[in-house]
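Just below is one structure, and these are the notes that go with it.
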Amino acid sequence: MKLTKMLLFVLLFSFLNISAGDKKTEKPSADKIIEMLKKGNQRFVDGKSTFPNIEISRRELAANSDQGNYAYATVLSCSDSRVPAEFIFDAGIMDLFVIRVAGNVADTDEIGTIEYGLGHVNTPVLVVLGHSGCGAVKAVNAVVHGEKLQLESNIPPLVDNIIPAVSAVKEKHSDLSQNELVPYAIEQNVWQSVNDLFMKSAASRKLVEDGKVKVIGGIYDIASGKVNWLDENKPMEILKAVNDNPQRSMNIYAE
């Protein structure tokens, strides 16, 4: 047990990559960062991307700096090759702390990485980004509607977090066809990920409650390149509901 803890400490210290000579920089407010993300996306949509922070000097800075002094947003998005977060927001090296996973789900690995992004990389904003035509959501939607899909053995447990989102919209919009439900399911899946994060991460809840982090959801449209931002009040509504749920995780730190 002691050896395991020692190894974990060494790995964590290496991952932190803290440079003693690195100068701390004050980050913009969450609202300012969201505005930066929106403007970056608009440049991308307009074909006017500036491709910032990709020059040699930035790489050299990254090699000798703590990313926690620079990255301004944590982004949970899909692994889909059509959804490159840095391009979408016209960002560069050490700008975004990105977690990509099929269906932008928030399970143990993703939540742990989000906790690191918010608590150690010190990003004031978390973006949960869904996208149009998400294959993971469409696959779960098909299964919920009774289709039999042949999937590799590790895919079902990867995307089972999406089932509650699809089931909820299927019940709410019972008049819609299977295909018509997909856009609703994609949006609901964003909120499902926020809910799963808050349920399993007391650390993330506290950062949001203390006003140190703002959570925002969006849907990236693959055809236009535009991020359609969702209701900014919704994450706080989800947080309130989670705080009323006795099954929520209460441990901020690992034991």
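Quick note, the numbering used here runs 285 ahead of the 1-based positions in the sequence shown.
All C-beta atoms, glycine included, are put in the ideal place defined by N, C-alpha and C.
Between the Cα of residue i and those of the options, spot the shortest distance and give me the residue it belongs to.
i	options	result
Thr393	Asn530, Val512, Leu443, Gln473	Leu443
Val368	Ile504, Ser334, Gln532, Asp481	Ile504
Asn354	Phe374, Gly404, Ala539, Ser334	Gly404
Leu414	Trp514, Ser459, Thr310, Asn349	Trp514
Ser417	Asn474, Thr310, Val429, Pro313	Asn474
Val422	Asp380, Val467, Gln463, Asp495	Val467
Val429	Val412, Val410, Ala450	Ala450
Ile373	Gln352, Asn389, Gly332, Asp481	Gly332
Val498	Asp506, Ala488, Gly388	Ala488
Leu381	Leu322, Val425, Ser342, Asn426	Leu322
Gly388	Val412, Val425, Pro409, Gly377	Val425
Ser486	Asp529, Asp495, Ile507, Tyr538	Tyr538
Gly377	Pro313, Tyr357, Ser459	Tyr357
Ile318	Ala526, Val527, Pro409	Pro409
Val412	Ala347, Glu320, Ser509	Glu320
Lys420	Pro313, Val527, Asp365	Looking at the sequence shown, residue 420 is not Lys but Gly. Of the listed residues, the one whose Cα sits closest to Gly420 is Asp365.
Just to confirm the assignment, what range does the beta strand (DSSP E) spanning residue i have?
i	result
Gly332	Premise fails: Gly332 is in no beta strand (DSSP E) and is neither H nor E.
Ile440	Run containing Ile440: none in the beta strand (DSSP E); it sits in the alpha helix (DSSP H), 440-444.
Thr359	358-362
I need the boundaries of the alpha helix (DSSP H) containing residue i, first residue and last residue.
i	result
Ser478	463-485
Phe372	370-373
Arg343	341-348
Ile542	The requested residue 542 is not part of the displayed model; the chain covers only 286 to 540.
Thr393	393-404
Asn541	Because the chain is modelled from 286 through 540, residue 541 falls outside the range shown and cannot be assessed.
Ile447	Element bounds for Ile447: n/a, residue is neither H nor E.
Where residue i and residue j are concerned, what is the direct C-alpha to C-alpha distance, given to the nearest angstrom?
i	j	result
Gly476	Gln532	The identity of residue 476 in the sequence shown is Trp, whereas the question assumes Gly. Cα to Cα, the separation comes out at about 18 Å.
Lys491	Asp316	19 Å
Glu432	Ser438	17 Å
Pro441	Glu371	28 Å
Asn446	Glu540	26 Å
Asp553	Ile523	One cannot answer for residue 553 here, as it falls past the ends of the chain, which runs 286 to 540.
Asn464	Phe483	30 Å
Asn407	Ile471	28 Å
Asn518	Glu340	37 Å
Lys511	Glu311	29 Å
Asn536	Val493	16 Å
Asn326	Glu345	26 Å
Ile507	His458	24 Å
Asp495	Val386	28 Å
Ser314	Leu436	43 Å
Gly502	Lys324	16 Å
Can you tell me which residues form a DSSP beta bridge with residue i?
i	result
Tyr505	His416, Val512
Lys499	Val410
Leu322	Paired residue(s): none; Leu322 is not in a bridge.
Val383	Val360
Below 8 Å CB to CB, which residues in the same chain sit around residue i once its five sequence neighbours on both sides are set aside?
i	result
Gly306	Here Gly306 scores only 46 on pLDDT, less than 50, and its place in the model should not be relied on; the value that follows carries that caveat. Excluding residues within five positions, the ones whose Cβ falls inside 8 Å are Asn349.
Arg328	Ser334, Thr335, Asp375
Ile384	Thr359, Val360, Leu361, Ser362, Glu395, Thr398, Ile399, Gly402
Asp481	Val390, Ala391, Asp392, Ile396, Asn446
Gln461	Correcting the residue identity first, residue 461 is Leu in this sequence and not Gln. Taken in chain order, the residues that qualify are Tyr469.
Ala427	Leu434, Gln463
Met379	Asn338, Arg343, Leu346, Ala347, Ser350, Gln352, Tyr355, Ala356
For residue i, which residues of its own chain have a beta-carbon under 6 Å away from its beta-carbon, when the five flanking residues on both sides are left out?
i	result
Pro520	Val479, Val500
Val527	Phe483, Met484, Arg533
Considering only residues of the same chain and omitting the five flanking positions on each side of residue i, which have a CB-CB separation below 7 Å?
i	result
Ser304	Note that Ser304 scores 43 on pLDDT, short of 50, meaning its location in the model is unreliable and no value can be drawn from it.
Lys455	Val429, Leu466
Ala453	Gln473
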